[in-house]
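Q:
Residue numbers (our numbering): 7 to 373.
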C-alpha cells in the first residue's frame, strides 16, 4: 500500500469506527441522542421483583400508596410529578360522579336515593370534567392504577348508607360507575372499565359479604377497606383479595392505635378541625407514623404496607406534605417497591400456596 493510500485510509477508518460505536451504544441503550445516560424506569415498571421467591429469599417490601376520590387537578399534577421522581406507582380510587358535570347529575341514582343526589359534589363544569379526563389519561400513561371509590359516598347517617347495602345494591352502584367511565370514553378517557379491578368503600363501611359477592360478579379482584390490627398480608375471600388497612400506633396521641389513613390520623390529632397553623406539626406526626409502619413491616413480616389518603388540603395540606416526603424517601430504597394493587396480585399469583400461607401465618407487623 502506498503512503498516499495509507494517509487516505486512516481518517476514513476512524470515522467509520466512531459511527459504528455510536450506533452500537444506541442499540444497547447505553447512550441516547440528547442525553448523557439513560433515565431509570420506576421499580414497579421494570418488574425485576416479579418472580417466584427463591428458597430463603424475602419478599420485596411493597408500599401501596392510594388516593380516594382522585378528582382534584392540582393534586394529580403534584402526585404524578412526585411519583415519577421517586420511581413509584400508586393507585387512584375514582369517585364515579366526578365524571358527570353538574348538569348531568340526574344520570346517577344511588341505591335507595333519589336521582341526582350524592354526599359529595359532582364533576363541576364540563371544562373541569375534561381536565379530569386528561389527568386520568396522563396517570394511565404513567402506570397508575385506576380503581373505584364508587359513586355517591353515602356513609353512615346518609341512609341507606353503604353499610346497609345488599349485593344487588352494590351491583347497581358498580354498574353505574362502569357506565360513567364508559361514557367518559366518548370524551377521550382512555381508561378501560375492564381494567378497573377493585377499590375502597366510602368511610371503609360495608357489609363485606354482600360487597365481595358483587365484586366477584363483576369480575373484580380486590378490595382495600377492611381494617387489621397491625400490618397484615392480604387474604382471599370469595375470590376477592383483601388488602388490609393497618391500625398502627401514633406517638403524637399517646401511642393510641389509629387506622393509617389521612382522615383518621387527622381526627386522632384534633377531631378533624381544619387548623392550618398545625400543618407542619401534623405533617411531622404523620411522617413519623409512616416511617414506623414501614420499618415494622420491612424488619418483620414484609406484608404490603397500605398508605391510604385523599386528594385534599386538610389542615393546610399537612397530610399531603407527609405523603410527598414519605414517597420520596421510601420508594427508592433497596428491596422496596412502590406498586399498585394489581402489581402485588401478579406477584402473589406467582408464589406457591405454601409460600403464601407461610407469609400469612407470620404475626402482623406492629409499631
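The beta carbon of each residue, even a glycine, is placed where N, CA and C say it ideally should be.
Can you give the Cα-Cα distance for residue 96 and residue 295, rounded to whole angstroms?
A: Near 19 Å, if we compare the C-alpha coordinates of residue 295 and residue 96.
Q: What residue does the alpha helix (DSSP H) around residue 378 start on, and which one ends it?
A: This structure leaves residue 378 out entirely; the chain is present only between 7 and 373.
Q: Given a threshold of 16 other Cβ atoms within 10 Å of its Cβ, counted over all protein chains shown, does residue 62 qualify as buried or as exposed?
A: exposed
Q: Hey, is residue 233's beta-carbon within less than 7 Å of any beta-carbon in chain C?
A: Considering every chain present, this structure includes no chain C. It has just one protein chain.
Q: What does a CB cutoff of less than 6 Å around residue 373 pick up in its chain, not counting 5 residues either side in sequence?
A: 254, 255, 298, 299 and 302, listed in sequence order.
Q: How would you label residue 305, buried or exposed, when you count the other beta carbons within 10 angstroms and need 16 or more for buried?
A: exposed
Q: Does the segment 158-175 come into contact with the segment 195-202, if we say contact requires no fewer than three beta-carbon pairs (one atom in each stretch) closer than 8 Å?
A: Of all C-beta pairs linking the segment 158-175 to the segment 195-202, fewer than three are shorter than 8 Å, placing the two stretches out of contact.
Q: Is the CB-CB distance between residue 105 and residue 186 below 7 Å?
A: yes
Q: For the pair the segment 314-334 and the segment 356-363, tell me if three or more CB-CB distances fall below 8 Å.
A: no
Q: For my contact list, residue 257 and residue 178 are in at a C-beta cut-off of 8 Å; report their separation, rounded to the angstrom.
A: Not confirmed; about 43 Å, so no contact.
Q: Would you mind working out which of 288, 311, 346 and 131 sits nearest residue 370, comparing C-alpha positions?
A: Per the Cα distances, 311.
Q: Which residues in the same chain have their Cβ closer than 8 Å to the Cβ of residue 355, if we skip the five residues on either side of it in sequence?
A: none
Q: In whole angstroms, what separates the C-alpha of residue 190 from that of residue 64?
A: 42 Å
Q: In the structure shown, what three-state DSSP assignment does residue 67 receive?
A: strand
Q: Which residue or residues does DSSP assign as beta-bridge partners of residue 343?
A: 68
Q: Can you name, in chain order, every residue of its own chain whose Cβ lies under 7 Å from the Cβ of residue 366, other than the five neighbours on each side?
A: 239 and 241
Q: How about the segment 81-94 and the segment 338-353: do they share at least three Cβ pairs that are nearer than 8 Å?
A: Counting C-beta pairs closer than 8 Å gives three or more between the segment 81-94 and the segment 338-353, which meets the contact rule.
Q: Sort 314, 231, 169 and 67 by Cα distance to residue 344 and report the nearest one.
A: The residue with the shortest Cα to Cα distance from residue 344 is 67.
Q: Rounded to whole angstroms, what is the Cα-Cα separation between residue 148 and residue 309?
A: Distance between the alpha carbons of residue 148 and residue 309 is about 25 Å.
Q: Anyone know if the C-beta pair for residue 98 and residue 150 falls short of 7 Å?
A: yes
Q: Cα-Cα, which of 281, 259 and 282 is closest to residue 271?
A: 259
Q: If we ignore side chains and look at the alpha-carbon of each, how far apart do residue 244 and residue 350 end up?
A: If you draw a straight line from the Cα of residue 244 to the Cα of residue 350, it comes to about 18 Å.
Q: From residue 114 to residue 60, what distance separates their C-alpha atoms?
A: 50 Å
Q: Can you tell me whether residue 188 is helix, strand or coil according to DSSP?
A: helix
Q: Hey, could you find the ends of the beta strand (DSSP E) residue 253 is sitting in?
A: Here the beta strand (DSSP E) through residue 253 covers 251-256.
Q: Skipping 5 residues on each side, what residues in its chain have a beta carbon closer than 6 Å to that of residue 210?
A: 231
Q: Assign residue 182 to buried or exposed, taking buried as 16 or more other Cβ atoms, counted over all protein chains shown, within 10 Å of its Cβ.
A: buried
Q: From the DSSP output, read off the bridge partner residues of residue 245.
A: Answer is none; residue 245 lacks a bridge partner.
Q: From residue 226 to residue 206, what does the alpha carbon distance come to, in whole angstroms?
A: Cα to Cα, residue 226 sits roughly 12 Å from residue 206.
Q: Is the Cβ-Cβ distance between residue 159 and residue 120 less than 7 Å?
A: no
Q: At what residues does the alpha helix (DSSP H) containing residue 86 begin and finish?
A: 79-91
Q: Near residue 29, which residues of its chain fall below 6 Å by C-beta distance, leaving aside the five closest residues on each side in sequence?
A: Because residue 29 carries a pLDDT of 39, less than 50, the predicted location of this residue cannot be relied on, and the following value inherits that uncertainty. There are no such residues.
Q: Which residues does DSSP list as the beta-bridge partners of residue 97?
A: 72 and 151
Q: Confirm, please, whether the CB-CB distance from residue 139 to residue 194 is below 7 Å.
A: yes
Q: Could you compute how far the alpha carbon of residue 293 sits from the alpha carbon of residue 213?
A: Cα to Cα, residue 293 sits roughly 32 Å from residue 213.
Q: For residue 267, write down the residues that DSSP places opposite it in a beta bridge.
A: 314
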